[in-house]
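Residue numbers (the UniProt record's numbering): 66 to 399. See below for the structure under consideration.
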Ligand code: ACO
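What follows is the structure, encoded as structure tokens:
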């Protein structure tokens with residue numbers, strides 16, 4: 066059983082925040098941000114926006130492009146680390162799309178690697194019998210950013226992107242190879258951990274509640290060691306792409322596009338240099354959106370497809386990396 070990409074879509078909030086806007090709330094400036102990161106603007110959820118709403122919009126566009134009815138979707142994978150319900154939002158998206166027959170829908174949490182892991186999970190599900198799998202990558206990290214920390218608040222934006230992966234004959238297979246990793250040791254470099262350990266205090270050894278009332282759990286803002294994350298990405302991502310290429314039996318010179326998680330233009334350039342991929346074959350849109358975490362790959366893919374850059378039959382080497390730490394690559398055909 067093969068699988069192929071048959072549609073994509075994306076949605077971003079209306080509120081645009083420029084580097085100049087940020088310079089009014091933290092000690093920074095447009096030059097520093099654009100030289101160090103390549104980012105100029107980002108979109109941020111506000112007012113009545115919701116991440117679930119953006120995800121539904123992105124998913125609808127992907128279904129429209131694929132000309133697939135929501136009733137024919139049999140699995141929705143919502144890849145996000147910032148769900149609007151602790152128990153997951155996949156089923157809410159399935160409901161809003163009006164998929165009849167209650168198809169399976171659940172969330173995958175893997176920060177900026179979320180979409181890539183969702184894509185590979187979707188392919189595995191298809192090999193197990195599913196037919197039309199919606200993979201959504203969506204995050205609203207602006208809700209967890211420390212807006213007083215100039216080292217991290219300049220990086221992130223909110224967005225949603227989606228693709229539809231469809232079962233096909235093995236000759237048409239559009240997933241040639243992949244490579245996935247994680248390293249829990251790297252948590253100290255990038256995290257947004259739960260505050261305190263509430264249950265240790267709330268439940269005594271005999272099961273009695275010894276420290277009442279229990280406090281409501283909450284998460285700290287994003288804590289990041291930018292230099293370590295940078296080093297990790299520049300080292301691990303090229304190795305992972307090379308491994309995926311080898312499994313796919315494809316050489317780097319024969320791929321049409323390099324599409325990395327959009328974290329920092331300097332990371333994208335360094336990985337492209339290491340792999341000797343010329344700039345004109347590198348997809349980048351982070352100047353407009355910043356790092357949108359799980360949304361960045363499908364958002365950039367959607368723009369590249371709709372603008373005619375990525376054409377039917379093109380080969381794409383894609384890679385996600387981020388908190389966890391998690392990272393991985395896939396070689397795909399559009
Ligand atoms: N404006 C102006 N000056 C700043 C800013 C800012 N926004 N931020 C930091 N500085 C200052 C620092 O205080 C420091 O000043 P000093 O030399 O006087 O001490 C100087 O600029 C250099 O700071 P560094 O942190 O060394 O800058 P660096 O070149 O490492 O760039 C950055 C920082 C952009 C964060 C970079 O390290 C990076 O992009 N790392 C990767 C981060 C990333 O991609 N994270 C997301 C991963 S994906 C996920 O899963 C969420």
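We treat Cβ as the ideally placed atom computed from N, Cα and C, and that holds for glycine. Every value quoted in this text rests on a predicted model; they were computed, and no experiment measured them.
- Message: Cutting at 7 Å between CB atoms, please list the residues of its own chain near residue 33, excluding the five before and the five after it.
- Response: This structure leaves residue 33 out entirely; the chain is present only between 66 and 399.
- Query: So the alpha helix (DSSP H) residue 183 belongs to, where does it begin and stop?
  - Reply: As a position in the chain shown, residue 183 is number 118, starting the count at 1. Unbroken alpha helix (DSSP H) run through residue 183: 179-192.
- Residue span of the alpha helix (DSSP H) that contains residue 121, given as start and end: In the chain shown, the residue the question calls residue 121 occupies position 56. Where residue 121 is concerned, the enclosing alpha helix (DSSP H) stretches over 116-131.
- Could you pull out every residue in the same chain whose Cβ sits closer than 7 Å to the Cβ of residue 240, ignoring the five residues on either side in sequence? On the chain shown, position 175 is the one that residue 240 refers to. Here the set comprises 68, 188, 395, 397.
- Return yes when the C-beta of residue 356 is under 7 Å from any heavy atom of the ligand ACO, and no when it is not. Here residue 356 refers to the residue found at position 291 when the chain shown is read from its first residue. Residue 356: yes, Cβ under 7 Å from the ligand ACO.
- Message: Quick check on residue 231: does DSSP put it in helix, strand or coil?
- Response: Along the chain shown, read from residue 1 onward, the residue named residue 231 stands at position 166. Strand at residue 231.
- Item | Residue(s) in a DSSP beta bridge with residue 76 | Locating residue 76 in the chain shown gives position 11, where the first residue counts as 1. The partner list for residue 76 (beta bridge, DSSP) reads 225.
- Could you tell me whether the stretch 356-365 touches the stretch 216-226, using the rule of 3 or more Cβ pairs below 8 Å? yes
- Less than 8 Å between the CB atoms is what I'm expecting for residue 467 and residue 138, so what's the real figure, rounded? In the structure displayed, the chain extends from 66 to 399; residue 467 sits before or after that span and is not available.
- Query: Under 7 Å from any heavy atom of the ligand ACO, does the C-beta of residue 292 make it?
  - Reply: In the chain shown, counting from the first residue as 1, residue 292 sits at position 227. Yes, the ligand ACO has a heavy atom inside 7 Å of this Cβ.
- Message: Looking at the ligand ACO, does it come within less than 7 Å of residue 242, judged from the CB to the closest heavy atom?
- Response: In the chain shown, counting from the first residue as 1, residue 242 sits at position 177. No.
- Query: Do residue 191 and residue 232 have their CB atoms nearer than 8 Å?
  - Reply: As a position in the chain shown, residue 191 is number 126, starting the count at 1. As a position in the chain shown, residue 232 is number 167, starting the count at 1. Cβ distance < 8 Å, so residue 191 and residue 232 count as in contact.
- Task: Mind checking which residues open and close the alpha helix (DSSP H) that includes residue 309?
- Result: On the chain shown, position 244 is the one that residue 309 refers to. That run of the alpha helix (DSSP H) goes 291-313.
- Item | Best match in 322, 171, 92, 379 for proximity to residue 306 [C-alpha to C-alpha] | The residue you call residue 306 lines up with position 241 of the chain shown. Of the candidates 322, 171, 92, 379, the one whose C-alpha sits nearest the C-alpha of residue 306 is 322.
- Message: What would DSSP say about residue 66, mapped onto helix, strand or coil?
- Response: For the purposes of this step, residue 66 is identified with residue 1 of the chain shown, where counting begins at 1. Looking at residue 66 - three-state DSSP - the assignment turns out to be coil, as it is neither helix nor strand.
- Message: I'd like the list of long-range same chain contacts for residue 315, defined as Cβ closer than 7 Å, with 5 residues on each side in sequence excluded.
- Response: Within the chain shown, residue 315 is the residue found at index 250, counting from 1. The residues are 241, 380, 396.
- Query: Looking at residue 98 and the ligand ACO, is the gap between the Cβ and the nearest heavy atom below 7 Å?
  - Reply: Your numbering for residue 98 matches position 33 in the chain shown. Because some heavy atom of the ligand ACO lies under 7 Å away, the Cβ of residue 98 counts as near it: yes.
- Message: I'd like to know whether the C-beta atoms of residue 177 and residue 358 end up nearer to each other than 8 Å.
- Response: Along the chain shown, one-based indexing puts residue 177 at 112. Along the chain shown, one-based indexing puts residue 358 at 293. The answer is yes: Cβ separation under 8 Å.
- Can residue 87 and residue 205 be called in contact, C-beta distance under 8 Å? Start at 1 with the first residue of the chain shown, and residue 87 comes out as number 22. Start at 1 with the first residue of the chain shown, and residue 205 comes out as number 140. For residue 87 and residue 205, no; Cβs fall outside 8 Å.
- Is it buried or exposed for residue 399, if we count other Cβ within 10 angstroms and need 16 for buried? Residue 399 sits at position 334 when you count from the first residue of the chain shown. Buried, because 16 or more other Cβ atoms sit within 10 Å of the Cβ of residue 399.
- Item | Backbone secondary structure at residue 197 - three-state DSSP | By 1-based counting over the chain shown, the position of residue 197 is 132. The answer is strand: DSSP assigns residue 197 an E or B state.
- Quick one: does the C-beta of residue 102 sit closer than 7 Å to a heavy atom of the ligand ACO? Within the chain shown, numbered from 1, the residue matching residue 102 stands at position 37. Yes, since a heavy atom of the ligand ACO falls inside the 7 Å radius drawn around the Cβ of residue 102.
- Message: Rounding to the nearest angstrom, what Cα-Cα distance links residue 120 and residue 378 in this structure?
- Response: Indexing the chain shown from 1 puts residue 120 at position 55. Indexing the chain shown from 1 puts residue 378 at position 313. Whole-angstrom Cα-Cα distance: 27 Å.
- Measure the alpha-carbon distance for residue 217 versus residue 70 and round it to whole angstroms. Counting from one through the chain shown, the residue named residue 217 turns up at place 152. Counting from one through the chain shown, the residue named residue 70 turns up at place 5. Taken atom to atom, the span from the alpha-carbon of residue 217 to that of residue 70 is near 33 Å.
- Task: Between the Cα of residue 339 and those of 300, 215, 391, 311, spot the shortest distance and give me the residue it belongs to.
- Result: Residue 339 sits at position 274 when you count from the first residue of the chain shown. Comparing Cα positions, the closest option is 300.
- In terms of alpha-carbon separation, which member of 244, 92, 341, 169 lies closest to residue 194? The residue labelled residue 194 in the question sits at position 129 within the chain shown. Nearest of 244, 92, 341, 169 to residue 194, Cα basis: 169.
- Going by beta carbon distance, what residues of the same chain come within less than 6 Å of residue 83, once the five residues before and after it are set aside? In the chain shown, the residue the question calls residue 83 occupies position 18. Closer than 6 Å at Cβ, skipping near neighbours: 106.
- Item | Cα-Cα separation between residue 386 and residue 298, rounded to whole angstroms | If you number the chain shown from 1, residue 386 lands on position 321. If you number the chain shown from 1, residue 298 lands on position 233. For the pair residue 386 and residue 298, the Cα-to-Cα distance works out to about 7 Å.
- Roughly how many whole angstroms lie between the Cα atoms of residue 353 and residue 108? Counting from 1 along the chain shown, the entry for residue 353 is found at position 288. Counting from 1 along the chain shown, the entry for residue 108 is found at position 43. Their Cα atoms are separated by approximately 8 Å.
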